[in-house]
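K.L.:
Sharing a structure here in structure tokens format.
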Amino acid sequence: MLTLRLMILAIVFGFCSTSLANDWPQFRGPNGNATAPEANPPTKWSDSENIVWKTKLPGRGASSPAVIGNRIFLTAYTGFGVNLEDPGDKADLKLHVLCFERDSGKLLWDKSIKASPATQNFGQRVADHGYATATPSTDGEAVYASFGVSGVVAYDMDGNLMWKADIGTGTAGFGSAASPVVYGEMVYVNASIESKTLFAFDKKTGKEVWKVDSIVKSWTTPCVAEVPGDSPELILNQQNEIFGFDPITGEKLWWCAGVEDYIVPVPVFHDGIAYCLGGRSNRAIAVKLGGRGDVTKTHKLWESTIGANVTSPVYYDGHLYWASDKAIENCLRASDGKAAYQQRLPTRARIYSSIVRAGNKLYVTTRDQGIVVLAAKPEYEELAVNVIESDETLVNASPAVIGNQLLLRTDSHLYCIGE
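Under numbering that gives the first Met the number 0, the letters of the sequence shown match residues 0 to 418, in that order.
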């Protein structure tokens, strides 16, 4: 029975990780690890160099592009909260799912829902990123988008609404953030902020398959991690604990003592180890996967006092890389959590988007000083700083890597960057 289960999971997981390798179907790409190993996007660009196309967006947002085939999906919001001085009437807030043609940037369709009355009131903290924060996820059959208290929606590839599911009415701090993740026949949504719940929905109907309660102070997106020789595990990081769940049944397989603060960064995994960041005090923890029960003493490999409050890392060649929200570029040895380097980036503003790796280059998106391109090695080497001078709007979204191109979303435009 176990062998059959592993075969089924291998087929499902193989589809998710292999057939979508040339796409970027969810937040931080295939497997959520923000890595395109064979890609080679430009190192340098500007208003007049290496911009394949750009498209004006109908609304603001902090979500990243999700790409499959010749479709790009993005979310945005309009009608309220666009301007801090004059936010408008919350009753006019609309939440959009947008579909673009990948080759040209042409808008193919724009579908919207009215925001819930429970939507967080507008203020300085919400103004930093707005009401469209979660990146949509797609499997090539549909696109799934979460708008927090306004619910999760699924549209088919032509923009027809398939289903809508509620996930709670709670709000806190900056609002919602966790992006949906598609795996096999299910869509996972971390609704810790809205209802302290992790949901698994049937991707075709939106019906609840299972849920886990008491998910505390977790803004993070879950990840489905490969475990060598065993079944994949759904990893979720929350205040004080890291969990490993069976992605099919929702059974809690193991738990480990975690960061004693709220969690935003997404876990990354490599070779059967999950790396989890979080907390205002900035921590990083490495946990070996595949355990059962309380694995704090048996599978927790190390804990570092270097981490991030908001941003997520990438793994490459024995090291972890990320730019903290305090604009410090970090490189840690994955073996023991010791720092290889820490270097201030060329911005004084906070960084909210997460690093991505394309081949042997790292792309770090700042809010106000463009994208810093670094060599992916354990010594700090700045290759370029790229600013699109004509676009002065903020950048909160992480880029998507598609072959030898980047898709970058600002508050006003979607850009395709390539030679």
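For glycine and all other residues, C-beta sits at the position ideal for the given N, C-alpha and C.
1) Return the chain-ordered list of same chain residues with a C-beta closer than 6 Å to the C-beta of D201, the five sequence neighbours on each side being excluded.
2) Which runs of the beta strand (DSSP E) fall wholly inside the region 181-257 and span at least 3 residues, in chain order?
3) Could you give the DSSP three-state label for A171: helix, strand or coil?
4) Is it the case that the Cβ atoms of T392 and T365 are separated by a distance below 7 Å?
5) Could you pull out every residue in the same chain whose Cβ sits closer than 8 Å to the Cβ of T248, ignoring the five residues on either side in sequence?
6) With H, G and I counted as helix, E and B as strand and the rest as coil, what does DSSP make of V125?
7) Using CA atoms only, rank isn't needed, just tell me which of V313, G58, F79 is closest to K110.
8) Select from L197, T204, K206, Y76 the residue whose C-alpha is nearest the C-alpha of P221.
9) Evaluate Y414 with the Cβ neighbour count: other Cβ atoms within 10 Å of its Cβ, from every protein chain shown; 16 or more gives buried, anything less gives exposed.
10) In whole angstroms, what separates the C-alpha of L300 from that of A333?
11) Where do the N-terminal and C-terminal ends of the beta strand (DSSP E) with A38 fall, by residue?
12) What are the start and end residues of the beta strand (DSSP E) that includes S178?
13) Hey, would you say L344 sits closer than 7 Å to A307, going by beta carbons?
14) Given that a residue counts as buried once 16 or more other Cβ atoms are within 10 Å of its Cβ, and exposed if not, what is L83?
15) So which of T409, T168, D88 has the shortest CA-CA distance to I370?
16) Taking contact to mean at least 3 C-beta pairs separated by less than 8 Å, is the region 38-56 in contact with the region 163-176?
17) Using 10 angstroms around the beta-carbon of L97, count the other beta-carbons present and answer buried if the total reaches 16, otherwise exposed.
18) Classify D212: buried if its beta carbon has 16 or more other beta carbons within 10 angstroms, exposed otherwise.
19) Do the CB positions of S178 and T134 come within less than 7 Å of each other?
20) Just checking, does the region 34-48 make contact with the region 350-367 on the three C-beta pairs under 8 Å criterion?
21) Would you mind listing the beta strand (DSSP E) stretches within the region 338-390 that are 3+ residues and don't spill past its ends, in chain order?
22) Just confirm the distance between the C-beta atoms of G78 and K93, as a whole number of angstroms; I'd bet it's less than 8 Å.
23) What is the rounded straight-line gap between the Cα of G129 and the Cα of K203?
24) Should P155 be labelled buried (16 or more other beta-carbon atoms within 10 Å of its own) or exposed?
P.N.:
So, to answer that:
1) Excluding positions up to five away in sequence, the list reads V208.
2) Those beta strand (DSSP E) runs which fall completely within the region 181-257 and span 3+ residues are 185-190, 196-201, 207-212, 222-224, 232-237, 240-244, 251-256.
3) It is coil, neither helix nor strand.
4) Not closer than 7 Å, so no.
5) For T248, the CB contacts under 8 Å within the same chain, skipping 5 residues up- and downstream, are W209 in chain order.
6) Of the three classes helix, strand and coil, the one that applies to V125 here is helix, per DSSP.
7) The candidate whose alpha carbon is nearest that of K110 is G58.
8) Ranking L197, T204, K206, Y76 by Cα distance to P221 puts L197 first.
9) The residue in question, Y414, is buried, as its Cβ has 16 or more Cβ neighbours within 10 Å.
10) A direct Cα-to-Cα measurement between L300 and A333 gives close to 10 Å.
11) Per DSSP, A38 belongs to no beta strand (DSSP E) and is neither H nor E.
12) Careful: S178 lies outside any beta strand (DSSP E) and carries neither H nor E.
13) Not in contact: L344 and A307 (Cβ atoms no closer than 7 Å).
14) It counts as exposed.
15) Selected option, being the one with the closest Cα: T409.
16) At 8 Å Cβ cutoff, the stretches do not touch.
17) Counting of Cβ neighbours within 10 angstroms places L97 among the buried residues, the total reaching 16 or more.
18) That one is exposed.
19) For S178 and T134, yes; Cβs fall inside 7 Å.
20) Taking a contact to require three or more Cβ pairs closer than 8 Å, the region 34-48 and the region 350-367 qualify as touching.
21) Here the runs fully enclosed are 338-343, 355-357, 360-364, 370-374, 381-385.
22) G78 to K93, Cβ: 5 Å. Contact.
23) Pairing G129 with K203, the inter-Cα distance amounts to about 29 Å.
24) Contrary to the premise, residue 155 reads as Asp rather than Pro in this sequence. Here D155 is exposed: its Cβ has fewer than 16 other Cβ atoms, across all protein chains shown, within 10 Å.
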